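Student: One structure, as structure tokens, below. Some questions next.
Number of protein chains: 2
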Amino acid sequence: MYRSHTCGELNESHLGQTVQLAGWAHKVRDKGFVVWIDLRDRYGITQLVFDQDRSEAGLLEQARSTGREFVVQATGTVVERASKNPKLPTGSIEILVTSLKVLNPSLTPPFTVEDETDGGEELRMKYRYLDIRRNPVKSKLLFRARVALEVRNYLSGKGFVEIETPYLIKSTPEGARDFVVPSRLNEGQFYALPQSPQTFKQLLMVGGMDKYFQLVKCFRDEDLRADRQPEFTQIDCEMAFVEQEDILNTFEGLTSHLLKTINGVETGPFPRMTYDEAVSRYGSDKPDIRFGMEFGDLTSLAQHRDFGVFNQAGLVVGIAVPGAAEYTRKEVDALVDWVKRPQVGASGMVYVRCLGDGTYKSSVDKFYTSEDLAQWAEATQARPGDLICILSGETESTRTRLGMLRMEMGQRLGLRKADQFAPLWVIDFPLLEFDPESGRYHAMHHPFTAPKPGQLQMLESDPAAVRANAYDLVLNGNEIGGGSIRIHDKQTQAVMFRHLGFTEEQARNQFGFLMDAFQFGAPPHGGIAFGLDRLVAILGGQESIRDFIAFPKNNNGRDVMIDAPAEIDPAQLEELHLALRL
Amino acid sequence: MYRSHTCGELNESHLGQTVQLAGWAHKVRDKGFVVWIDLRDRYGITQLVFDQDRSEAGLLEQARSTGREFVVQATGTVVERASKNPKLPTGSIEILVTSLKVLNPSLTPPFTVEDETDGGEELRMKYRYLDIRRNPVKSKLLFRARVALEVRNYLSGKGFVEIETPYLIKSTPEGARDFVVPSRLNEGQFYALPQSPQTFKQLLMVGGMDKYFQLVKCFRDEDLRADRQPEFTQIDCEMAFVEQEDILNTFEGLTSHLLKTINGVETGPFPRMTYDEAVSRYGSDKPDIRFGMEFGDLTSLAQHRDFGVFNQAGLVVGIAVPGAAEYTRKEVDALVDWVKRPQVGASGMVYVRCLGDGTYKSSVDKFYTSEDLAQWAEATQARPGDLICILSGETESTRTRLGMLRMEMGQRLGLRKADQFAPLWVIDFPLLEFDPESGRYHAMHHPFTAPKPGQLQMLESDPAAVRANAYDLVLNGNEIGGGSIRIHDKQTQAVMFRHLGFTEEQARNQFGFLMDAFQFGAPPHGGIAFGLDRLVAILGGQESIRDFIAFPKNNNGRDVMIDAPAEIDPAQLEELHLALRL
Chain P
36 MYRSHTCGEL NESHLGQTVQ LAGWAHKVRD KGFVVWIDLR DRYGITQLVF DQDRSEAGLL
96 EQARSTGREF VVQATGTVVE RASKNPKLPT GSIEILVTSL KVLNPSLTPP FTVEDETDGG
156 EELRMKYRYL DIRRNPVKSK LLFRARVALE VRNYLSGKGF VEIETPYLIK STPEGARDFV
216 VPSRLNEGQF YALPQSPQTF KQLLMVGGMD KYFQLVKCFR DEDLRADRQP EFTQIDCEMA
276 FVEQEDILNT FEGLTSHLLK TINGVETGPF PRMTYDEAVS RYGSDKPDIR FGMEFGDLTS
336 LAQHRDFGVF NQAGLVVGIA VPGAAEYTRK EVDALVDWVK RPQVGASGMV YVRCLGDGTY
396 KSSVDKFYTS EDLAQWAEAT QARPGDLICI LSGETESTRT RLGMLRMEMG QRLGLRKADQ
456 FAPLWVIDFP LLEFDPESGR YHAMHHPFTA PKPGQLQMLE SDPAAVRANA YDLVLNGNEI
516 GGGSIRIHDK QTQAVMFRHL GFTEEQARNQ FGFLMDAFQF GAPPHGGIAF GLDRLVAILG
576 GQESIRDFIA FPKNNNGRDV MIDAPAEIDP AQLEELHLAL RL
Chain H
36 MYRSHTCGEL NESHLGQTVQ LAGWAHKVRD KGFVVWIDLR DRYGITQLVF DQDRSEAGLL
96 EQARSTGREF VVQATGTVVE RASKNPKLPT GSIEILVTSL KVLNPSLTPP FTVEDETDGG
156 EELRMKYRYL DIRRNPVKSK LLFRARVALE VRNYLSGKGF VEIETPYLIK STPEGARDFV
216 VPSRLNEGQF YALPQSPQTF KQLLMVGGMD KYFQLVKCFR DEDLRADRQP EFTQIDCEMA
276 FVEQEDILNT FEGLTSHLLK TINGVETGPF PRMTYDEAVS RYGSDKPDIR FGMEFGDLTS
336 LAQHRDFGVF NQAGLVVGIA VPGAAEYTRK EVDALVDWVK RPQVGASGMV YVRCLGDGTY
396 KSSVDKFYTS EDLAQWAEAT QARPGDLICI LSGETESTRT RLGMLRMEMG QRLGLRKADQ
456 FAPLWVIDFP LLEFDPESGR YHAMHHPFTA PKPGQLQMLE SDPAAVRANA YDLVLNGNEI
516 GGGSIRIHDK QTQAVMFRHL GFTEEQARNQ FGFLMDAFQF GAPPHGGIAF GLDRLVAILG
576 GQESIRDFIA FPKNNNGRDV MIDAPAEIDP AQLEELHLAL RL
């Protein structure tokens, strides 16, 4: 053992004790007659002191020559500090060192190991092991571990069994792109890494396991966007003999438990909102309900005047941005530019200033009367001082755009408070969504989601109208979990595959095992999966997931620290019966 | 909710209650005037009863037509059984059913869902979801989850942090073969799946994380042997600022804790044995010390007589097999044949019967006197009634062969008791082992293991003699864990790589990131990894790991249930810049 204590635990109760510490030289301050070293480890910082009067001359010299991030072992006595630091748990004491040993020196680190570092993103990723020494990263990894353990213990306590499903499975073209793994022993064949253990957890239900969960890595070979990782962790759950209500209650329990134990926040019953309602009230199926700015539908109020833009629109819809009536012309123009950015895609924005004296001033004053504008204000619940922002056009995309503006304004106005938690269930998702690119309907969740009872027939007549017992758990504007009641009979699954464009042979080839399983007594079942990376980030009050992952990949899917992926030996390729085609 | 109770919880305290159960029709017994259904779920079996007097006629008919493994929902009243089954927790009651609903019918399963099934291995694997319904498999999966949770809570309680390391890493030719994953975004490049998170856990130590663990899947593309899986789970652990003693104590603590909480077995301090001692006393570096039959070295006693075979041997060594003196000639010959099998590879076996009257009868009576044989008996601690089995030849291989015979005899004589647990530490492993095939030394654990202090220089002069602070935890003849103190400075690591045949460029290319990390203040560190599949099997008193894995692969690395690996779409290959070379 290199130490008797950690650098986080000594205080006045240890005065006079001889102790041994080991850690990193965080800071060395040399005042000539006295040298202090802040010794750091995972648990904290303890001050080492060396001085002319009390320390051997050689020791003082040794302390002086200790570089930043040197790994040292110090033996000494716990003494009271002259000037105490009440902010530090160890701030009342210091160690008068009698022996100092360098366990390993260090080159000057490429960035400072401080809470606020001078290292840019790329440098921090290349030297991630140094980045992890920094409090903000270290504490996020500790936080993640705590959340994961809490999840495991909570679910285990509720009778869920953690079961490991395989990582080397079979590629299925449905959904996102698979990562594949060539098989050496089975020439010309490939495994795939799971995008989720979906079919396996369903088979576990067929196998009678009843309540399953797993914290499990999943893989998607997608073109990466910011803050998306090719490998990510799911809390994957499934239950048998349940209805949607049971699943919502169970995982509302888990989420409340986490908010309470991790964040100290008590939540009442989670609100529930249908998909249709969420989209029409917030322009999003994952609304952030920490703040209002709900949509006001102005279509019937605003049409049939002389304003052609509104008259041609499928939807005219507005939000009242609190306190923004006093925006300058320039500020309002900037907002208009913001909604016209290609990422948002609106063609323009109409606005109404709700002035303090109860009057209105709008960009469409020549088409609408004060009484019109007052009705708009009522529909958007605008109060004096607010700015009503109005978009119009095709219904769905207009909602999406106004939803983006709403989130942007929530952000700008500081309404998205990191320490406030507003969970809700969004339910009754459509079973299918139309993909304009392929001209086909795709499963909105996945092909195993059951249509609502009695709606199977509608797949022929009105596919877009079919709803599913599918639900998302939304927290602060993020989907943190999603799931559904599954199909559990072969016939329905076959109909579903057919509607998704599978030939019978393709369905058989890829999911024959599952349809077979449904013939041998499959119980009704359903489940949910949480994105752990995202969940942990939100509970931690952060927007970005990256520092909650020990060794994340960059936006090209590269690990810049170990420099992966990389070329492999030609002999390896040959063993795998493969050739490069570049 | 489909049920008010599970099939495992109802007893006399529930008499008279109306309950609802759901599960599988395990058995249907039709006596004409009365029909019983054993309803089964994960938690147990509850008997449903339908009879002429008390049930509606239609209901009786319905019960009668319920097939094996149908999923049914039953509502009824808890009543007392006429003939109680004291072996079943629910054996005092039955449910007088008032309503029965088939939730899903079932085809006749391909094998019986019973503890002793009529299904062969291959059929069970193809229909693994049915196999999992069987008690022996189900209970092993539940057991595994319990052990895993216990491990997590124990280590977390000791300050260890579970940190997820990446699955998409870099291929390194050292060690076993990697599974690789072609990168679509990085043309011509590949990720590899980790054989273990070795380098990452070391980087976490450099990053100050101090005490790390992870239950993590690892991957090895090896030619599969029975009971070896291409993907397996490790309990991976690492600590900083520790010496070997700290690691042994910590993980002896974990193992004792598991034996106590899981098996109810109290163990004293684990014996420790050097590698050299283990090999010379048991012919194995993972001796099963639940039984004796220790090696007796007969070399000096048996040489320099007229028996050429022994005289030419590097080692003459025997074990006393208890009670085997009375084996018939045929039985002894079968033993000789056993050691001559190619898997063992001995050229013959000398034996001595230690008779009840204190005399000896051997296969080499013409070369040795009774006094000689008495000395042999003393050296092998043979008692009257034992059979001394003696092998001779080159030291190392002879030990291995006799070690195999010892294990075989332990097995045959029932000395390897499943409910007995004999852990020990084997320490001081050689750093390197010579590989006759490549004519080179390889790292016995891995290239990151540190030589014992002061022995680095011996790598030049006497590589085989260099020992490491490397240790295995052995339980009942199985290595359940292995680890070492690691190298933590760049220079030593570079020397090590050189001795393992790496060019400087290769070392830089593959492990440059680690050697860089060692220059920025790497603390002394070490760790251990347990094979979870094996550990769980042994704690469960089993030899085979397969049923402790929910969805294992067969000996060709295939999942016969989902039929993976499989061919992939040519378009997928093209996107990956690959072509098949068949």
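Top to bottom, those sequences are chains P and H.
Just so you know, we're using our numbering here: the first sequence kicks off at 36 and counts up by one.
Just so you know, we're using our numbering here: the second sequence kicks off at 36 and counts up by one.
Ideal Cβ placement from N, Cα and C applies to all residues, glycine included.
Remember, it's a predicted structure, so these values are computed and weren't measured experimentally.
Going by the beta-carbon positions, is the gap between H:F456 and H:V251 smaller than 8 Å?
Tutor: No, the Cβ-Cβ distance between H:F456 and H:V251 is not below 8 Å.
Student: Along the chain, where does the alpha helix (DSSP H) containing P:T112 start, and where does it finish?
Tutor: Premise fails: P:T112 lies in the beta strand (DSSP E), 106 to 115, not in any alpha helix (DSSP H).
Student: Check whether the Cβ of P:T538 lies closer than 7 Å to any heavy atom of the ligand MN, and answer yes or no.
Tutor: Within the structure as shown, the ligand MN is missing, as the structure has no ligands at all.
Student: Enumerated in chain order, which unbroken segments of the beta strand (DSSP E) with a length of 3 residues or greater are wholly contained in the segment 181 to 246 of chain H?
Tutor: As far as the segment 181 to 246 of chain H is concerned, its whole beta strand (DSSP E) runs of at least 3 residues are 215 to 217, 225 to 227.
Student: Does the segment 224 to 242 of chain P come close enough to the segment 196 to 211 of chain P that 3 or more CB-CB pairs lie under 8 Å?
Tutor: Segments in contact, yes.
Student: In three-state terms, what does DSSP make of H:H523?
Tutor: It is coil, neither helix nor strand.
Student: If I measure Cβ to Cβ from P:H481 and keep anything under 7 Å in the same chain, skipping five residues before and after, which residues do I get?
Tutor: Here the set comprises G210, Q233.
Student: Looking only at DSSP bridge pairs, what is H:M36 linked to?
Tutor: Partner(s): none; H:M36 has no beta bridge.
Student: How would you call H:D568, buried or exposed, if buried means at least 16 neighbouring beta carbons within 10 angstroms?
Tutor: Buried is the call here.
Student: Along chain P, in chain order, which residues have C-beta atoms closer than 9 Å to that of H:R451?
Tutor: Here the premise fails: no neighbours, minimum Cβ distance about 28 Å.
Student: Can you give me the Cβ contacts of H:Y476 inside the same chain, cut-off strictly under 6 Å, excluding the 5 residues immediately before and after it?
Tutor: Excluding sequence neighbours, H:Y476 sits near L467, F469, P498.
Student: Per DSSP, H:F555 forms a beta bridge with which residues?
Tutor: Paired residues: P:S141.
Student: With a threshold of 8 Å, are at least 3 pairs of Cβ atoms found where one atom belongs to the segment 507 to 517 of chain H and the other to the segment 444 to 462 of chain H?
Tutor: Result yes; three or more Cβ-Cβ pairs closer than 8 Å.
Student: Could you name the residues that DSSP lists as bridge partners for P:Y386?
Tutor: P:Y386 is bridged to P:C424.
Student: Since P:V379 is in the alpha helix (DSSP H), which residue starts that stretch and which ends it?
Tutor: Where P:V379 is concerned, there is no enclosing alpha helix (DSSP H), given that its DSSP letter is neither H nor E.
Student: Mind listing the chain H neighbours of P:S141? Cutoff is C-beta to C-beta under 9 Å, in chain order.
Tutor: The answer, in chain order, is Q554, F555, G556, A557.
Student: Out of H:K401, H:D604, H:L56, H:R434, which has the shortest C-alpha to C-alpha gap to H:L342?
Tutor: Sequence inspection shows Phe at residue 342 of chain H; the Leu mentioned does not correspond to that position. Nearest C-alpha to H:F342: H:K401.
Student: Please compile the residues from chain P whose C-beta is within a distance smaller than 8 Å of the C-beta of H:E602.
Tutor: Simply G223, Q224, F225.
Student: In the structure shown, what three-state DSSP assignment does H:R307 receive?
Tutor: Of the three classes helix, strand and coil, the one that applies to H:R307 here is strand, per DSSP.
Student: Evaluate H:T404 with the Cβ neighbour count: other Cβ atoms within 10 Å of its Cβ, from every protein chain shown; 16 or more gives buried, anything less gives exposed.
Tutor: Exposed, because fewer than 16 other Cβ atoms sit within 10 Å of the Cβ of H:T404.
Student: Just mark H:F68 as buried or exposed, buried being the case when its beta carbon has 16 or more other beta carbons within 10 Å.
Tutor: The residue in question, H:F68, is exposed, as its Cβ has fewer than 16 Cβ neighbours within 10 Å.
Student: Under 8 Å: do the segment 380 to 392 of chain H and the segment 409 to 423 of chain H share three or more Cβ pairs, one atom per stretch?
Tutor: The segment 380 to 392 of chain H is in contact with the segment 409 to 423 of chain H.
Student: Taking the beta strand (DSSP E) that P:H560 falls in, what are its first and last residues?
Tutor: Here the beta strand (DSSP E) through P:H560 covers 560 to 566.
Student: So, using beta-carbon positions, are P:R77 and P:W59 closer together than 8 Å?
Tutor: No; because the gap between Cβ atoms is not below 8 Å, this pair is not in contact.
Student: Give the interface partners of P:V277 over in chain H, defined as CB-CB distance under 8 Å, in chain order.
Tutor: What P:V277 touches in chain H: M36, Y37.
Student: Residues of the segment 493 to 517 of chain P with a CB closer than 7 Å to any CB of chain H: list them in chain order, please.
Tutor: Those residues of the segment 493 to 517 of chain P that come within reach of chain H (Cβ to Cβ, closer than 7 Å) do not exist; the list is empty.
Student: If you run the structure through DSSP and keep just helix, strand and coil, what is P:K396?
Tutor: Strand, per DSSP.
Student: For P:R543 and chain H, any beta-carbon pair shorter than 8 Å?
Tutor: No, its Cβ sits nowhere closer than 8 Å to a Cβ of chain H.
Student: If contact is defined by three or more beta carbon pairs under 8 Å, each pair taking one atom from either stretch, is the segment 435 to 444 of chain P in contact with the segment 368 to 375 of chain P?
Tutor: They touch, by the three-pair rule.
Student: Are at least three pairs of beta-carbons, each pair with one atom in the segment 511 to 522 of chain H and one in the segment 567 to 581 of chain H, less than 8 Å apart?
Tutor: Touching, yes.
Student: Taking just the CA atoms, how far does H:M244 sit from P:Y162?
Tutor: Cα-Cα distance, rounded: 15 Å.
Student: Identify the contact partners of P:N46 in chain H, using a Cβ-Cβ distance below 9 Å as the criterion.
Tutor: Within 9 Å Cβ-Cβ: nothing; P:N46 doesn't reach chain H, min ~18 Å.
Student: Name the chain H residues whose beta carbon is nearer than 9 Å to that of P:P144?
Tutor: In chain order: F555, G556.
Student: Mapping the DSSP letters down to three states, classify H:T484 as helix, strand or coil.
Tutor: H:T484 falls in the strand class under three-state DSSP.
Student: Residues bridged to P:C253 by DSSP?
Tutor: Per DSSP, P:F267.
Student: Check whether the segment 581 to 598 of chain P and the segment 152 to 172 of chain P touch, using three or more Cβ-Cβ pairs below 8 Å as the test.
Tutor: Judged by Cβ distances under 8 Å, the segment 581 to 598 of chain P makes contact with the segment 152 to 172 of chain P, as three or more pairs qualify.
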